[in-house]
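Per my numbering, the very first residue in the sequence shown carries number 6; after that it's consecutive.
Each remark here refers to the structure printed beneath this line.
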Amino acid sequence: MSAILYGVPGKLKTLIDRLTSARAAKIDNLDAAVTTRAPASTALSNAVWTDARAAKLDNAAQNTDPYLASPSALVPANPGASTNVTTINLGSISGLDNGTTSSTSFVDIVNYSGKGVLEFCALAIYQELCYLKLIVDGVTLADFSLDPSASNWAAKAAVGLYLNTSSFTTIALSQIPFKTSLQIQARVSTTGTAYVYYKYRKTA
6 MSAILYGVPG KLKTLIDRLT SARAAKIDNL DAAVTTRAPA STALSNAVWT
56 DARAAKLDNA AQNTDPYLAS PSALVPANPG ASTNVTTINL GSISGLDNGT
106 TSSTSFVDIV NYSGKGVLEF CALAIYQELC YLKLIVDGVT LADFSLDPSA
156 SNWAAKAAVG LYLNTSSFTT IALSQIPFKT SLQIQARVST TGTAYVYYKY
206 RKTA
């Protein structure tokens with residue numbers, strides 16, 4: 006029996022060493038936190054935390070972070086009407102990028118994966134029929150054609166605005182956020198060359 010008790014003092018000392026004042030205070034705090042918690046009657050229930058209230062919080066987040074909001078409302082349902090002009094001077098505007106295609110199947114003028122903001126996108130062509138698609142985060146936001154009258158240039162803006170005169174061209178930028186990807190596609194109907202002018206900035 007005495008042999009069994011020989012180990013007790015050592016184990017007791019180990020227990021006392023481990024149960025320090027700091028650890029004891031933490032146990033006291035844990036007990037206080039549990040015993041003083043809010044009563045169940047004050048907890049949120051499904052009757053209080055409704056889907057409607059959750060949706061309002063989501064909308065509030067969209068108002069403060071444009072990348073959480075759907076950009077579809079920022080793209081006109083019917084892009085600006087085509088305008089017959091003698092020349093297209095969009096290519097001379099500093100800061101605008103451009104691409105061309107003579108393909109009768111849609112090709113990517115822009116195919117970017119990442120986060121950013123599209124500020125301008127316009128389609129232009131001389132005489133022939135052409136088409137443009139704007140795809141943001143995998144969703145087609147604009148899909149239209151452009152058909153000038155004979156012996157004329159024409160242009161149509163999907164994002165932003167432009168004013169073209171015989172001596173100068175002025176554009177106004179928009180703000181179309183995208184979270185994962187941006188695609189701008191174009192094609193011609195049979196012949197000719199479609200010109201796409203665009204401007205976007207990367208944010209990540």
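Yeah, the Cβ is synthetic: ideal placement off N, Cα and C, and Gly gets one too.
Cα-Cα, which of Phe125, Cys135, Ala160, Tyr202 is closest to Gln180? On the sequence shown, residue 180 is found 175 positions in, with the first residue counted as 1. Comparing Cα positions, the closest option is Phe125.
Are the CB atoms of Gly100 and Phe183 nearer to each other than 9 Å? As a first step, residue 100 is located in the sequence shown; it is residue number 95 there, counting from the start. As a first step, residue 183 is located in the sequence shown; it is residue number 178 there, counting from the start. No. Outside cutoff.
Is Thr19 helix, strand or coil by DSSP? Taking the sequence shown and counting its residues from 1, the one referred to as residue 19 is at position 14. Helix, per DSSP.
Less than 8 Å between the CB atoms is what I'm expecting for Gly143 and Ser110, so what's the real figure, rounded? Numbered from its first residue, the sequence shown carries residue 143 at position 138. Numbered from its first residue, the sequence shown carries residue 110 at position 105. About 20 Å separates the two Cβ atoms, so there is no contact after all.
Opposing strand residues paired with Trp54 [DSSP bridges]: Taking the sequence shown and counting its residues from 1, one reaches residue 54 at position 49. Per DSSP, none; premise fails for Trp54.
Helix, strand or coil for Leu62? Go by DSSP, reduced to three states. Sequence index remark: in the sequence shown, residue 62 carries index 57 (1-based). It is helical.
Please classify Asp33: does DSSP put it in a helix, a strand, or coil? The residue given as residue 33 occupies position 28 in the sequence shown. Reduced to three states, the DSSP call for Asp33 is helix.
DSSP three-state label for Asn83, please. Position 78 of the sequence shown holds residue 83. Any reading at Asn83 needs caution, since the residue's pLDDT is 48, under 50, leaving its predicted position unreliable; the model's value is listed next. Three-state result, Asn83: coil.
Would you check if the distance between the CB atom of Ala191 and the CB atom of Ile114 is smaller than 9 Å? For this step, residue 191 is matched to residue 186 along the sequence shown. For this step, residue 114 is matched to residue 109 along the sequence shown. Yes. Within cutoff.
Span of the beta strand (DSSP E) holding Thr120? As a first step, residue 120 is located in the sequence shown; it is residue number 115 there, counting from the start. Correcting the residue identity first, residue 120 is Lys in this sequence and not Thr. Per DSSP, Lys120 belongs to no beta strand (DSSP E) and is neither H nor E.
Buried/exposed call for Ala59, threshold 16 Cβ in 10 Å: Walking along the sequence shown from the start, residue 59 turns up at place 54. Counting Cβ neighbours within 10 Å, Ala59 comes out exposed, since fewer than 16 surround it.
With C-beta atoms as the reference, is Thr55 less than 9 Å away from Glu133? Taking the sequence shown and counting its residues from 1, the one referred to as residue 55 is at position 50. Taking the sequence shown and counting its residues from 1, the one referred to as residue 133 is at position 128. The answer is no: Cβ separation not under 9 Å.
DSSP state of Ser26, grouped into three classes? The count along the sequence shown starts at 1 and reaches residue 26 at position 21. Note: Ser26 maps to helix in three-state DSSP.
Looking at Leu123: is its Cβ nearer than 9 Å to the Cβ of Tyr203? Numbered from 1 along the sequence shown, position 118 holds the residue referred to as residue 123. Numbered from 1 along the sequence shown, position 198 holds the residue referred to as residue 203. Yes, the pair counts as a contact, with Cβ atoms nearer than the cut-off.
Is it true that the CB of Cys135 sits closer than 9 Å to the CB of Asp148? In the sequence shown, residue 148 corresponds to position 143, counting from 1. In the sequence shown, residue 135 corresponds to position 130, counting from 1. Contact: no.
Which partner residues of Lys161 appear in the DSSP bridge assignment? If you number the sequence shown from 1, residue 161 lands on position 156. Paired residues: Leu128.
Measure the CB-CB distance between Val201 and Ser107 and report whether it falls below 9 Å. Translated into the one-based positions of the sequence shown, residue 201 becomes position 196. Translated into the one-based positions of the sequence shown, residue 107 becomes position 102. Cβ atoms of Val201 and Ser107: not closer than 9 Å.
For Ile176, write down the residues that DSSP places opposite it in a beta bridge. Sequence index remark: in the sequence shown, residue 176 carries index 171 (1-based). Paired residues: Tyr167.
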